[in-house]
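Peer 1:
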Amino acid sequence: MAAVKRSFGVLLAVFFSTSVAAYSGQQEQPPQNGDYAGVDLLNGPHDNQLPLKGQRFRIDNQVDKITLSFFRQPKSKPVILILPDGTKWYDSKHPREKVTWFTDENFDLIQIEKPQPGPWQVIGQLDPRSRIVVVSDIVFKTEVLPNPMFQHERLKVSGTLYNGDKPVDTSLFRQIVNLDVLFISSNNPDYSNFGVKPTRVAQFLDNGKGYDEVYGDGHFTGLLEIDVETGEYIPTFELNTPLYERNFENPTTIVEPLPVTFTAKTAEKAEGEHKVEVSVNDQVVKPGSVAINARVMFPNGGEKTFSLANVENFPATIEIPNLAYGRYVMDLDVFATTVGGREITAKITGFDFIAKEPPPPPPSAAELAAEKRRQEQARLERERIAREKAEYEAMINVIIIVVINIVLIVAAAAGAMFWMKRKKRRANAEKA
Numbered sequence: 001m002a003a004v005k006r007s008f009g010v011l012l013a014v015f016f017s018t019s020v021a022a023y024s025g026q027q028e029q030p031p032q033n034g035d036y037a038g039v040d041l042l043n044g045p046h047d048n049q050l051p052l053k054g055q056r057f058r059i060d061n062q063v064d065k066i067t068l069s070f071f072r073q074p075k076s077k078p079v080i081l082i083l084p085d086g087t088k089w090y091d092s093k094h095p096r097e098k099v100t101w102f103t104d105e106n107f108d109l110i111q112i113e114k115p116q117p118g119p120w121q122v123i124g125q126l127d128p129r130s131r132i133v134v135v136s137d138i139v140f141k142t143e144v145l146p147n148p149m150f151q152h153e154r155l156k157v158s159g160t161l162y163n164g165d166k167p168v169d170t171s172l173f174r175q176i177v178n179l180d181v182l183f184i185s186s187n188n189p190d191y192s193n194f195g196v197k198p199t200r201v202a203q204f205l206d207n208g209k210g211y212d213e214v215y216g217d218g219h220f221t222g223l224l225e226i227d228v229e230t231g232e233y234i235p236t237f238e239l240n241t242p243l244y245e246r247n248f249e250n251p252t253t254i255v256e257p258l259p260v261t262f263t264a265k266t267a268e269k270a271e272g273e274h275k276v277e278v279s280v281n282d283q284v285v286k287p288g289s290v291a292i293n294a295r296v297m298f299p300n301g302g303e304k305t306f307s308l309a310n311v312e313n314f315p316a317t318i319e320i321p322n323l324a325y326g327r328y329v330m331d332l333d334v335f336a337t338t339v340g341g342r343e344i345t346a347k348i349t350g351f352d353f354i355a356k357e358p359p360p361p362p363p364s365a366a367e368l369a370a371e372k373r374r375q376e377q378a379r380l381e382r383e384r385i386a387r388e389k390a391e392y393e394a395m396i397n398v399i400i401i402v403v404i405n406i407v408l409i410v411a412a413a414a415g416a417m418f419w420m421k422r423k424k425r426r427a428n429a430e431k432a
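Take the sequence shown: its letter number 277 is residue 277 in the working numbering, and every next letter is one higher.
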């Protein structure tokens, strides 16, 4: 009982009413010691109600901690709390060492340590749809997840948020209740996921959309997307509100490889087709139960869907036209039944392969002979050019030698004539 006293809280709001039953199964009694409604937080019923104006409530002297939730008219000011001794608390003015106050445009969420016993009053434009809810033990209960599960599996899972033994009406609280699912490694060294970080695999919603059936009925629905490494995990449901967080663990489960695998084989010829080979582990799933929908995005921007069903013998093949060279991307929806009778659904996104242009075919004998003749002609042409170049260079060398010899002869003759004239002038000068 002491543990319950320490852990419970109160979610308080307001609904139209004129009187309140003090205990379940007892006759209604008029308010005592003033015009307020008394609420026994340990034993009080879940349907206590308060008047819209002048609303008051009593906290008994056994309470260690309470959480008050006031839903207000849209964009109205935060509420004011008036304690039994007349003290006023505001969202901006309260003893922060014992009070945590979270406010939004539509609600106030207040947690109080060791609240003052006696009649309390709240002042504010409260939402008339609200009602008192006495929270003694918030628990989230869900079905046990299958074991094993498979990579890429998609699994719809439902659970209920309970206050004690009754489902919580979350229609007014959906803005402040977040419920996520994490797969946390068990850190078992025998598995390959040892030491991996937690992975968020789903968000549970109670909004009447998607997989959830009824809005605000306290029954949450999530689609688990098991895109994690194989190994042993502890599925953990994480409940968050602005003031507290709670975790609820499922028994450990093993994530195994999907027992349906895909292998791409590209076309060897331009006119051929690509093939995606589908294999099945018949020790895990029934081959005849496997059905596949595939969507292919071609390199040229086109798309096409393919289906595979009613196949008894595997491996089977999905044939894909070779429309262009480049990257082919496939999204695959896989449906199968395990040998134990469990229906599984899996989704693989981004399975891809690259089709490369094949090399040209080898040359024919005629092409080889023609290439040989071309190479021989090229060789002869190179030899002719080299020969002509050598002859030209030899002729140039002869011309250079002849020119040099002529220059030398002319220079020698000119020198001889100059010497003879000089000698003659000298002789004439001596005779004179």
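Just so it is clear, CB atoms sit at the ideal spot from N, CA and C, and this is done for glycine as well.
Can you look up N188 in the DSSP assignment and give me helix, strand or coil?
Peer 2: Counting from one through the sequence shown, the residue named residue 188 turns up at place 188. Of the three classes helix, strand and coil, the one that applies to N188 here is coil, per DSSP.
Peer 1: Between the C-alpha atoms of K65 and V255, what's the straight-line distance to the nearest angstrom?
Peer 2: Taking the sequence shown and counting its residues from 1, the one referred to as residue 65 is at position 65. Taking the sequence shown and counting its residues from 1, the one referred to as residue 255 is at position 255. Near 41 Å, if we compare the C-alpha coordinates of V255 and K65.
Peer 1: For L323 and F262, I'd like the C-alpha separation in whole angstroms.
Peer 2: Walking along the sequence shown from the start, residue 323 turns up at place 323. Walking along the sequence shown from the start, residue 262 turns up at place 262. Those two C-alpha atoms are separated by around 21 Å.
Peer 1: I need the boundaries of the alpha helix (DSSP H) containing E393, first residue and last residue.
Peer 2: In the sequence shown, residue 393 corresponds to position 393, counting from 1. From DSSP, the alpha helix (DSSP H) with E393 extends over 365 to 431.
Peer 1: What are the start and end residues of the beta strand (DSSP E) that includes G118?
Peer 2: Here residue 118 is taken as the residue at index 118 of the sequence shown, counted from 1. First-last of the beta strand (DSSP E) with G118: 118 to 123.
Peer 1: Is it true that the CB of R72 sits closer than 8 Å to the CB of L161?
Peer 2: As a first step, residue 161 is located in the sequence shown; it is residue number 161 there, counting from the start. As a first step, residue 72 is located in the sequence shown; it is residue number 72 there, counting from the start. Taking 8 Å as the Cβ cut-off, L161 and R72 do not qualify as a contacting pair.
Peer 1: Roughly how many angstroms lie between the CA atoms of A428 and I409, to the nearest whole one?
Peer 2: Here residue 428 refers to the residue found at position 428 when the sequence shown is read from its first residue. Here residue 409 refers to the residue found at position 409 when the sequence shown is read from its first residue. The identity of residue 428 in the sequence shown is Asn, whereas the question assumes Ala. One C-alpha to the other measures close to 29 Å.
Peer 1: Going by Cα to Cα distance, which pick from K286, R327, F298 is closest to A309?
Peer 2: Taking the first residue of the sequence shown as 1, we reach residue 309 at position 309. Closest option to A309, Cα to Cα, is K286.
Peer 1: Count the other C-beta atoms from every protein chain shown that fall within 10 angstroms of the C-beta of F418, then say buried if there are 16 or more, exposed otherwise.
Peer 2: In the sequence shown, counting from the first residue as 1, residue 418 sits at position 418. Label assigned to F418: exposed.
Peer 1: Count the other CB atoms, across all protein chains shown, that sit within 10 Å of the CB of Q111; report buried if there are 16 or more and exposed otherwise.
Peer 2: Along the sequence shown, one-based indexing puts residue 111 at 111. Buried, by the Cβ-count rule.
Peer 1: Which partner residues of F194 appear in the DSSP bridge assignment?
Peer 2: Here residue 194 corresponds to residue number 194 of the sequence shown, with the count starting at 1. BP columns for F194 are empty, so no partner.
Peer 1: Checking 8 Å against the spacing of the C-beta atoms, do R58 and K347 come in under that value?
Peer 2: As a position in the sequence shown, residue 58 is number 58, starting the count at 1. As a position in the sequence shown, residue 347 is number 347, starting the count at 1. No, these two residues do not count as a Cβ contact at 8 Å.
Peer 1: Please tell me whether F140 and F248 are closer than 8 Å, where the distance is taken between their beta carbons.
Peer 2: Here residue 140 refers to the residue found at position 140 of the sequence shown. Here residue 248 refers to the residue found at position 248 of the sequence shown. Going by C-beta atoms, F140 is nearer than 8 Å to F248.
Peer 1: Of the choices G210, T338, L81, whose alpha-carbon is the least far from that of G288?
Peer 2: Mapped onto the sequence shown, residue 288 falls at position 288. Per the Cα distances, T338.
Peer 1: Would you kindly report the start and end of the unbroken beta strand (DSSP E) that includes Q111?
Peer 2: Against the sequence shown, residue 111 aligns to sequence position 111. Run containing Q111: 107 to 113, per the beta strand (DSSP E) assignment.
Peer 1: Enumerate, from N- to C-terminal direction, the unbroken beta strand (DSSP E) stretches of 3 or more residues contained entirely within the segment 204 to 259.
Peer 2: For the segment 204 to 259, whole beta strand (DSSP E) runs of length 3 or above, ordered along the chain, are 219 to 225, 231 to 240, 245 to 249, 253 to 256.
Peer 1: For a test of the three-state rule: what should DSSP assign to G350, helix, strand or coil?
Peer 2: Here residue 350 refers to the residue found at position 350 of the sequence shown. Of the three classes helix, strand and coil, the one that applies to G350 here is strand, per DSSP.
Peer 1: Closest to Q151 by C-alpha separation, out of L68, F183, K166, would be which residue?
Peer 2: For the purposes of this step, residue 151 is taken as residue 151 along the sequence shown, with counting starting at 1. Nearest Cα to Q151 within the set L68, F183, K166: F183.
Peer 1: With DSSP as the reference, identify every bridge partner of S307, one or two as the case may be.
Peer 2: To locate residue 307, count along the sequence shown from 1; it is residue 307. In DSSP, S307 forms a bridge with N293.
Peer 1: If you draw a straight line from the alpha carbon of R426 to that of A416, how long is it in whole angstroms?
Peer 2: In the sequence shown, the residue the question calls residue 426 occupies position 426. In the sequence shown, the residue the question calls residue 416 occupies position 416. Roughly 15 Å between the two C-alpha positions.
Peer 1: Would you kindly work out how many angstroms separate the C-alpha atoms of E225 and V201, rounded to a whole number?
Peer 2: Against the sequence shown, residue 225 aligns to sequence position 225. Against the sequence shown, residue 201 aligns to sequence position 201. Answer to the nearest angstrom: the Cα atoms are 5 Å apart.
Peer 1: Kindly indicate which three-state DSSP category I341 falls into: helix, strand or coil?
Peer 2: The residue given as residue 341 occupies position 341 in the sequence shown. Per the sequence shown, the amino acid found at residue 341 is Gly instead of Ile. It is coil, neither helix nor strand.
Peer 1: Expressed to the nearest angstrom, what Euclidean distance is found between the alpha-carbon atoms of T241 and V144?
Peer 2: Taking the sequence shown and counting its residues from 1, the one referred to as residue 241 is at position 241. Taking the sequence shown and counting its residues from 1, the one referred to as residue 144 is at position 144. So the two alpha carbons sit approximately 24 Å from each other.
Peer 1: Which of the three DSSP states is assigned to G86 in this structure?
Peer 2: Translated into the one-based positions of the sequence shown, residue 86 becomes position 86. Reduced to three states, the DSSP call for G86 is coil.
Peer 1: Should I305 be labelled buried (16 or more other beta-carbon atoms within 10 Å of its own) or exposed?
Peer 2: As a position in the sequence shown, residue 305 is number 305, starting the count at 1. For the sequence presented, residue 305 should be read as Thr rather than Ile. Counting Cβ neighbours within 10 Å, T305 comes out exposed, since fewer than 16 surround it.
Peer 1: Answer yes or no: does any C-beta atom of chain B fall closer than 8 Å to that of K141?
Peer 2: In the displayed structure, chain B is absent; only one protein chain is listed.
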